[in-house]
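Here is the structure we will look at.
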Amino acid sequence: DTAVSQTPKYLVTQMGNDKSIKCEQNLGHDTMYWYKQDSKKFLKIMFSYNNKELIINETVPNRFSPKSPDKAHLNLHINSLELGDSAVYFCASSQDVGANSPLHFGNGTRLTVT
Amino acid sequence: AQSVTQLDSQVPVFEEAPVELRCNYSSSVSVYLFWYVQYPNQGLQLLLKYLSGSTLVKGINGFEAEFNKSQTSFHLRKPSVHISDTAEYFCAVSPTGFQKLVFGTGTRLLVSP
Numbered sequence: 081d082t083a084v085s086q087t088p089k090y091l092v093t094q095m096g097n098d099k100s101i102k103c104e105q106n107l108g109h110d111t112m113y114w115y116k117q118d119s120k121k122f123l124k125i126m127f128s129y130n131n132k133e134l135i136i137n138e139t140v141p142n143r144f145s146p147k148s149p150d151k152a153h154l155n156l157h158i159n160s161l162e163l164g165d166s167a168v169y170f171c172a173s174s175q176d177v178g179a180n181s182p183l184h185f186g187n188g189t190r191l192t193v194t
Numbered sequence: 223a224q225s226v227t228q229l230d231s232q233v234p235v236f237e238e239a240p241v242e243l244r245c246n247y248s249s250s251v252s253v254y255l256f257w258y259v260q261y262p263n264q265g266l267q268l269l270l271k272y273l274s275g276s277t278l279v280k281g282i283n284g285f286e287a288e289f290n291k292s293q294t295s296f297h298l299r300k301p302s303v304h305i306s307d308t309a310e311y312f313c314a315v316s317p318t319g320f321q322k323l324v325f326g327t328g329t330r331l332l333v334s335p
């Protein structure tokens with residue numbers, strides 16, 4: 081009964097490939113996010129969706145395309161993978177877009193591009 | 223824009239000793255403040271948050287933090303740490319009007335026997 085689950089846990093792929101990461105939350109939250117954690121543990125927001133609508137897009141390359149089929153799911157598709165995309169990607173959700181709504185994080189997807 | 227500074231990248235401490243993890247922030251607008259903890263190979267969990275009211279906030283696992291507006295700080299403290307507190311701790315801020323967390327670079331707390 082994991083609250084925010086993402087798959088796969090590990091993803092190893094070669095440069096130039098296209099890959100997807102899936103995220104689902106069963107908390108009934110309206111808002112979902114993708115964060116990227118680099119090798120120095122720095123966390124930076126990539127996207128935020130509220131009720132399936134994109135509300136934050138933080139200057140992420142066009143190769144990254146989020147898709148929210150419903151408010152419980154937010155998937156991340158990455159085209160033409162590059163070495164610099166190697167990182168841990170975290171999905172998160174919150175009750176709503178209010179700043180006082182804490183984030184609930186998934187366990188992360190470690191992406192390694194070779 | 224907001225920014226968060228965690229000056230200590232790593233803090234080693236012995237079990238049952240007190241610990242303080244420092245966090246300073248800058249923002250041109252009002253913010254809410256948060257501390258999250260990340261255990262190995264896991265996502266982040268909320269430890270505590272400051273929204274308004276009393277500047278001393280208590281969180282889970284015996285942690286507390288004090289908001290100091292004049293010093294723009296939100297340091298995290300625990301009077302007696304356990305081995306199980308070994309983890310990465312992230313301070314974060316969000317503008318009050320809209321959820322957009324900005325994280326610090328994290329402090330690794332290493333508790334040894």
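Here the protein sequences line up with chains A and B, keeping their order.
For the first sequence, this note's numbering gives the first residue as 81, with consecutive numbering after it.
For the second sequence, this note's numbering gives the first residue as 223, with consecutive numbering after it.
Cβ atoms here follow ideal geometry from the backbone N, Cα and C, with glycine treated the same way.
Just so we're clear, the structure is a prediction, and the values are computed from it rather than from any experiment.
query = Of all the options B:317, B:331 and B:321, which has the alpha carbon lying nearest to the alpha carbon of residue 175 of chain A?
reply = Position 95 of the first sequence, counted from the first residue, corresponds to residue 175 of chain A. For residue 175 of chain A, the nearest C-alpha among the options comes from B:321.
query = In whole angstroms, what is the alpha-carbon distance linking residue 242 of chain B and residue 98 of chain A?
reply = Position 20 of the second sequence, counted from the start, is the residue given in the question as residue 242 of chain B. Position 18 of the first sequence, counted from the start, is the residue given in the question as residue 98 of chain A. Using only the alpha carbons, I get a separation of about 44 Å.
ask   = residue 300 of chain B: which of B:293, B:310 and B:286 sits nearest, CA to CA?
value = Against the second sequence, residue 300 of chain B aligns to sequence position 78. For residue 300 of chain B, the nearest C-alpha among the options comes from B:286.
ask   = Along chain A, in chain order, which residues have C-beta atoms closer than 8 Å to that of residue 301 of chain B?
value = In the second sequence, the residue the question calls residue 301 of chain B occupies position 79. At a beta-carbon threshold of 8 Å, none of the residues of chain A lie near residue 301 of chain B; the nearest stands roughly 24 Å away.
key: N-terminal and C-terminal residue of the beta strand (DSSP E) that residue 234 of chain B is part of   = Within the second sequence, residue 234 of chain B is the residue found at index 12, counting from 1. Counting along the chain, the beta strand (DSSP E) containing residue 234 of chain B begins and ends at 232-236.
query = The beta strand (DSSP E) spanning residue 113 of chain A covers which residue range?
reply = Mapped onto the first sequence, residue 113 of chain A falls at position 33. Its beta strand (DSSP E) spans residues 111-117.
query = Is it buried or exposed for residue 133 of chain A, if we count other Cβ within 10 angstroms and need 16 for buried?
reply = By 1-based counting over the first sequence, the position of residue 133 of chain A is 53. Classification for residue 133 of chain A: exposed.
inquiry  = Since residue 308 of chain B and residue 331 of chain B should fall inside the 8 Å C-beta cutoff, what is the C-beta to C-beta distance between them, to a whole number of angstroms?
reply    = If you number the second sequence from 1, residue 308 of chain B lands on position 86. If you number the second sequence from 1, residue 331 of chain B lands on position 109. At roughly 6 Å, the Cβ-Cβ gap stays under 8 Å, so residue 308 of chain B and residue 331 of chain B are in contact.
query = Buried or exposed: which applies to residue 86 of chain A, given that a residue is buried once 16 or more other Cβ atoms fall within 10 Å of its Cβ?
reply = Counted from its first residue, the first sequence places residue 86 of chain A at position 6. It is buried - the Cβ of residue 86 of chain A has at least 16 other Cβ atoms within 10 Å.
task = Verify whether the separation of the beta carbon atoms of residue 252 of chain B and residue 318 of chain B is less than 7 Å.
result = Translated into positions along the second sequence, residue 252 of chain B becomes position 30. Translated into positions along the second sequence, residue 318 of chain B becomes position 96. Their beta carbons are under 7 Å apart, which means residue 252 of chain B touches residue 318 of chain B by this criterion.
task = State the beta-bridge partners of residue 137 of chain A as determined by DSSP.
result = As a position in the first sequence, residue 137 of chain A is number 57, starting the count at 1. Answer is A:127.
message = As a quick exercise: from B:328, B:266 and B:323, pick the residue whose alpha carbon is nearest that of residue 227 of chain B.
response = Numbered from 1 along the second sequence, position 5 holds the residue referred to as residue 227 of chain B. Checked all of B:328, B:266 and B:323; the closest Cα to residue 227 of chain B is B:328.
inquiry  = Less than 7 Å between the C-beta atoms of residue 94 of chain A and residue 192 of chain A, yes or no?
reply    = Working through the first sequence from its first residue, we reach residue 94 of chain A at position 14. Working through the first sequence from its first residue, we reach residue 192 of chain A at position 112. Cβ atoms of residue 94 of chain A and residue 192 of chain A: not closer than 7 Å.
DSSP state of residue 160 of chain A mapped onto helix, strand, coil = Here residue 160 of chain A corresponds to residue number 80 of the first sequence, with the count starting at 1. Three-state result, residue 160 of chain A: coil.
inquiry  = Can you list, in chain order, the residues of its chain with a C-beta nearer than 6 Å to that of residue 147 of chain A? Leave out the 5 residues immediately preceding and following it.
reply    = Taking the first residue of the first sequence as position 1, residue 147 of chain A is located at position 67. Closer than 6 Å at the Cβ level, and outside the excluded window around residue 147 of chain A, lie 155.
ask   = Taking the Cβ atom as the reference point for each residue, do residue 237 of chain B and residue 282 of chain B lie within a distance shorter than 7 Å?
value = Taking the second sequence and counting its residues from 1, the one referred to as residue 237 of chain B is at position 15. Taking the second sequence and counting its residues from 1, the one referred to as residue 282 of chain B is at position 60. Taking 7 Å as the Cβ cut-off, residue 237 of chain B and residue 282 of chain B do not qualify as a contacting pair.
key: Under the three-state DSSP convention, the category residue 246 of chain B falls into   = Here residue 246 of chain B refers to the residue found at position 24 of the second sequence. In this structure, residue 246 of chain B counts as strand in the three-state DSSP scheme.
query = Do the CB positions of residue 116 of chain A and residue 83 of chain A come within less than 7 Å of each other?
reply = Taking the first sequence and counting its residues from 1, one reaches residue 116 of chain A at position 36. Taking the first sequence and counting its residues from 1, one reaches residue 83 of chain A at position 3. In this structure, residue 83 of chain A does not lie closer than 7 Å to residue 116 of chain A by Cβ.
key: Any chain A beta carbon closer than 7 Å to residue 261 of chain B   = As a first step, residue 261 of chain B is located in the second sequence; it is residue number 39 there, counting from the start. By this cut-off, residue 261 of chain B is not an interface position.
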